[in-house]
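Read top to bottom, the protein sequences are chains A and B. Residue numbers for the first sequence follow the numbering used here, so the first one is 1 and each next one is one higher. Residue numbers for the second sequence follow the numbering used here, so the first one is 1 and each next one is one higher. Think of the CB as a built atom: it goes at the ideal place given N, C-alpha and C, for glycine as much as any other residue.
Protein chains: 2
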Amino acid sequence: MRISELVERTGVPLATIKYYLREGLLPAGEATAATRAEYGEAHVRRIAVIRALTETVGLSVQKAREVLRLIDQPRDSLFDTFGQAIEALPPEVTPEATADYPRARAVLEKLGQLYDPRFAAVAQLERALAAAEAAGIPLDDARLAVYGPHIRAIAEFDISRMPLDDATAAVEYAVLGTALHEPVLVALRRLAHQDVAARRYGVAPPATPPASRKSARKSPRARSRPKGS
Amino acid sequence: MRISELVERTGVPLATIKYYLREGLLPAGEATAATRAEYGEAHVRRIAVIRALTETVGLSVQKAREVLRLIDQPRDSLFDTFGQAIEALPPEVTPEATADYPRARAVLEKLGQLYDPRFAAVAQLERALAAAEAAGIPLDDARLAVYGPHIRAIAEFDISRMPLDDATAAVEYAVLGTALHEPVLVALRRLAHQDVAARRYGVAPPATPPASRKSARKSPRARSRPKGS
DNA sequence: TGCACTGGATAGCTACGCTATCTAACATTG
DNA sequence: CAATGTTAGATAGCGTAGCTATCCAGTGCA
């Protein structure tokens, strides 16, 4: 297909697609002449992945390029490739093999997991723990005792679904699965918060910002004090 | 304390603190004279929260201001306040009460949760689901059956720890807890992935980027099970 | 032959998050 | 009391990111 069709299919402006081509996020089409190139389904999907990484995961174009590069040209081992991909994900940390991450170390020890300061995710965890602590909501033992096992169960499932027969597919699954399911998990938690709060305290759905207060009546569901507690 | 001490305590440059003051993220100190003001511990903590929201959660300064404003001046109900806060969190969505979010709706129905398109998190979930789908890793039923209950258990714990006696503390806990524990959960999942993969497939810790390849030998762990293909 | 479309190159634009400078009003110190 | 240094407040500038717009000449198609 021609580039104009790519624009139609993806909804991404032509100038932006050209920008992605320039920046090396999108491979060039197969040139059929000096001013003509052929694009395929792979390009359509690639653009979708680019937008997913930048808009939904929140990566910069530069970081998205790093992630895509790892998928296209993986390291020797899947484990290394995966580690490199994590380094490109937010929050951005400057990895230092010699640094110590006391909060992350303590957490990992309590979980019985290996502490290795070379893992970018260790520095990311340290930063997240420090941020929560500074805001007055540290990750205490009780909370860790809940978060740890549930998150681990999720991770075990993720790994169990990794395609083992195809190395390329495995890399893609590992990298994109880790990155793209994060927004899903986060959104599910936010919705669960709202649902639990509504059921527990019997709160009505919120009014739309400019709208009326009586709109809460539109929901026949859980209003005043429906359930437990 | 004076502003210079605020600079020392937080490590944030003076010009940046003035910028936060200008932008309304940080309340002004108590003016003691035309060119003198007194700052307190609340300001120190506030700056830490600002940095946590911008650097770790990834909010823009504008969105951080919205979140902080909700903490300072909550809506009528905690539920409304919380909903508004979620709207400021990434991924950024333009909420439309009339829109339909089919993927999110299907997921919520399977989970037995209320679907209300006015919840910003519904639009956020829709976007996350669409992104994963476009990248070739949709949230199928099996995965949802795992993610859903575990995330819900986490959310239940979160809510159970909400302070009930103090309305101000409750708002702060709800808003900051939702936002600031997300990076923690995400980092824990990434680390769990690495740990599970290492245990299951016996992979050595990764070499530091510029370093030697033989560092893989440093792990005494087994190298069994050459993975697929 | 005419014309819309294309790849490729380059320049420009807007928003963001600071950063730097200036001024006048103070406080503090000796 | 004078010298010194800090401060609030205002304004201007700066570097990066992520596009966006324009131009040009080669090309396919009618």
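(message) Just to make sure I have the definition right: I need the residues of chain A whose C-beta is within less than 7 Å of the C-beta of D195/B. Which are they?
(response) Residue mapping note: residue 195/B aligns to position 195 of the second sequence, counting from 1. By Cβ distance, chain A contributes Q113, L114.
(request) Give the single residue among A37/A, L26/A, I3/A, A52/A whose Cα lies nearest to the Cα of G177/A. (result) Mapped onto the first sequence, residue 177/A falls at position 177. Looking at the Cα atoms, A52/A is the closest of the given residues.
(message) Please confirm whether A64/A has its beta-carbon closer than 9 Å to some beta-carbon of chain B.
(response) If you number the first sequence from 1, residue 64/A lands on position 64. For A64/A, the answer is no, since every Cβ of chain B falls outside 9 Å of its Cβ.
(request) Assess, as a yes-or-no matter, whether the stretch 195–203 of chain B is touched by the stretch 61–80 of chain A under the definition of 3 or more beta carbon pairs within less than 8 Å. (result) yes
(request) Can you grab the Cα-Cα spacing for the pair A104/B / A130/B, in whole Å? (result) For the purposes of this step, residue 104/B is identified with residue 104 of the second sequence, where counting begins at 1. For the purposes of this step, residue 130/B is identified with residue 130 of the second sequence, where counting begins at 1. Cα to Cα, A104/B sits roughly 9 Å from A130/B.
(message) Please tell me whether I137/A and H181/B are closer than 9 Å, where the distance is taken between their beta carbons.
(response) Taking the first residue of the first sequence as 1, we reach residue 137/A at position 137. Taking the first residue of the second sequence as 1, we reach residue 181/B at position 181. Yes, these two residues count as a Cβ contact at 9 Å.
(request) Starting from E92/B, follow the alpha helix (DSSP H) in both directions and report where the run begins and ends. (result) Position 92 of the second sequence, counted from the start, is the residue given in the question as residue 92/B. Element bounds for E92/B: n/a, residue is neither H nor E.
(request) Check R189/A in the structure and name its three-state DSSP category. (result) Within the first sequence, residue 189/A is the residue found at index 189, counting from 1. Helix.
(request) Starting from the N-terminal side, write out each stretch of the alpha helix (DSSP H) that is 4 residues or longer and does not extend beyond the stretch 139–165 of chain A. (result) For the stretch 139–165 of chain A, the full-length alpha helix (DSSP H) segments reaching 4 residues or more read 141–160 along the chain.
(request) For Q84/B, count neighbouring Cβ atoms within 10 angstroms of its own Cβ and tell me buried if that reaches 16, exposed if not. (result) As a first step, residue 84/B is located in the second sequence; it is residue number 84 there, counting from the start. With 16 or more other Cβ atoms within 10 Å, it is buried.
(request) With DSSP as the reference, label R2/B as helix, strand or coil. (result) Here residue 2/B refers to the residue found at position 2 when the second sequence is read from its first residue. Reduced to three states, the DSSP call for R2/B is coil.
(request) Could you tell me which of K63/B, V49/B, G24/B sits nearest to T10/B, measuring between CA atoms? (result) As a first step, residue 10/B must be located in the second sequence, where it is residue number 10. Comparing Cα positions, the closest option is V49/B.
(message) Bridge partners for E87/B per DSSP, in chain order?
(response) In the second sequence, the residue the question calls residue 87/B occupies position 87. According to DSSP, which records beta bridges pairwise, E87/B is partnered with nothing at all.
(request) Using a Cβ-Cβ cut-off of 9 Å, state whether Q124/A counts as contacting chain B. (result) Within the first sequence, residue 124/A is the residue found at index 124, counting from 1. Chain B, which has a Cβ nearer than 9 Å to the Cβ of Q124/A, makes this yes.
(message) Taking CB distances under 9 Å as the criterion, tell me whether T56/B reaches chain A.
(response) Within the second sequence, numbered from 1, the residue matching residue 56/B stands at position 56. Chain A, which has a Cβ nearer than 9 Å to the Cβ of T56/B, makes this yes.
(message) Between T178/A and chain B, is any beta-carbon pair separated by less than 9 Å?
(response) Along the first sequence, one-based indexing puts residue 178/A at 178. Using a Cβ-Cβ cut-off of 9 Å, T178/A counts as an interface residue toward chain B, since at least one Cβ of chain B sits closer than that to its own.
(message) Can you check which of these residues, E30/B, R143/B, Q113/B, T168/B, is closest to L185/A by C-alpha distance?
(response) Here the question's residue 185/A lines up with position 185 in the first sequence. Nearest C-alpha to L185/A: R143/B.
(request) Verify the CB distance criterion: does A142/B have a CB-CB separation below 9 Å to chain A? (result) On the second sequence, residue 142/B is found 142 positions in, with the first residue counted as 1. At least one chain A Cβ lies under 9 Å of A142/B.
(message) What are the residues in the stretch 41–52 of chain A lying within 8 Å of chain B by C-beta distance?
(response) R45, A48, V49, R51, A52
(request) Indicate the three-state DSSP secondary structure (helix, strand or coil) for T168/B in the structure shown. (result) One-based indexing of the second sequence puts residue 168/B at position 168. Helix, per DSSP.
(request) Flag M1/B as yes if its beta-carbon sits less than 9 Å from any beta-carbon of chain A, otherwise no. (result) Position 1 of the second sequence, counting from 1, holds the residue named residue 1/B. Output row for M1/B: interface = no.
(request) Report the neighbours of G25/A on chain B: residues whose CB is nearer than 8 Å to its CB, in chain order. (result) In the first sequence, the residue the question calls residue 25/A occupies position 25. A quick correction: the sequence has Leu, not Gly, at residue 25/A. Those within 8 Å of L25/A in chain B number zero; the least Cβ separation is about 14 Å.
(request) Determine the chain A residues that contact Y147/B at a beta-carbon separation under 9 Å, and present them in chain order. (result) Here residue 147/B refers to the residue found at position 147 when the second sequence is read from its first residue. Within chain A, the residues I154, F157, H181, V184, L185, L188 have their CB atoms less than 9 Å from the CB of Y147/B, given in chain order.
(message) Helix, strand or coil, according to DSSP, for T230/B in the structure here?
(response) Here chain B has residues from 1 to 229 only, and residue 230/B is not among them.
(message) Against chain B, does P231/A count as a neighbour if the rule is that its beta carbon must be under 9 Å from one of theirs?
(response) Given a span of 1 to 229 for chain A in the structure shown, any question on residue 231/A remains unanswerable.
(message) Applying the 10 Å Cβ sphere with the 16-neighbour rule, what's the burial state of A155/A?
(response) Here residue 155/A is taken as the residue at index 155 of the first sequence, counted from 1. That one is buried.
(request) Per DSSP, which residues does E126/A bridge with? Please list them. (result) Start at 1 with the first residue of the first sequence, and residue 126/A comes out as number 126. Beta-bridge pairing links E126/A to no other residue.
(message) Do V146/B and F119/A have their beta-carbon atoms positioned less than 9 Å apart in this structure?
(response) As a first step, residue 119/A must be located in the first sequence, where it is residue number 119. As a first step, residue 146/B must be located in the second sequence, where it is residue number 146. No, they are not a contact pair.
(message) By the DSSP assignment, the alpha helix (DSSP H) with A28/A in it spans what residues?
(response) Against the first sequence, residue 28/A aligns to sequence position 28. Taken as a continuous stretch (DSSP letters only), A28/A belongs to no alpha helix (DSSP H), as it is neither H nor E.
(request) Tell me whether the beta-carbon of E133/B lies closer than 9 Å to the beta-carbon of L125/B. (result) On the second sequence, position 133 is the one that residue 133/B refers to. On the second sequence, position 125 is the one that residue 125/B refers to. No, they are not a contact pair.
(request) Please go through the same chain and pick out, in chain order, the residues whose beta-carbon is closer than 7 Å to the beta-carbon of L70/B, but skip the five residues on each side of it. (result) Residue 70/B sits at position 70 when you count from the first residue of the second sequence. Leaving aside the five residues that flank L70/B on each side, the residues in its chain whose CB is nearer than 7 Å to its CB run, in chain order, T81, Q84, A85, V175.
(request) Have a look at Y20/A and Q73/B and give me their C-alpha separation to the nearest angstrom. (result) Here residue 20/A is taken as the residue at index 20 of the first sequence, counted from 1. Here residue 73/B is taken as the residue at index 73 of the second sequence, counted from 1. When rounded, the distance between both Cα atoms is 43 Å.
(request) Could you check the C-alpha separation between A128/B and L188/A for me, to the nearest Å? (result) Residue 128/B sits at position 128 when you count from the first residue of the second sequence. Residue 188/A sits at position 188 when you count from the first residue of the first sequence. Looking at the two C-alpha atoms, the distance is approximately 10 Å.
(request) Assign P102/B to one of two classes, buried (16 or more other C-beta atoms within 10 Å of its C-beta) or exposed (fewer than that). (result) Position 102 of the second sequence holds residue 102/B. Looking at its Cβ environment, which holds fewer than 16 other Cβ atoms inside 10 Å, P102/B is exposed.
(message) Within a Cβ cutoff of 6 Å, which residues of the same chain sit near M1/A, ignoring the five residues on either side of it in sequence?
(response) Sequence index remark: in the first sequence, residue 1/A carries index 1 (1-based). Cβ within range, chain order: Y39.
(request) Quick one: grab the DSSP three-state call for T56/A. (result) Along the first sequence, one-based indexing puts residue 56/A at 56. DSSP places T56/A in helix when its eight states are reduced to three.
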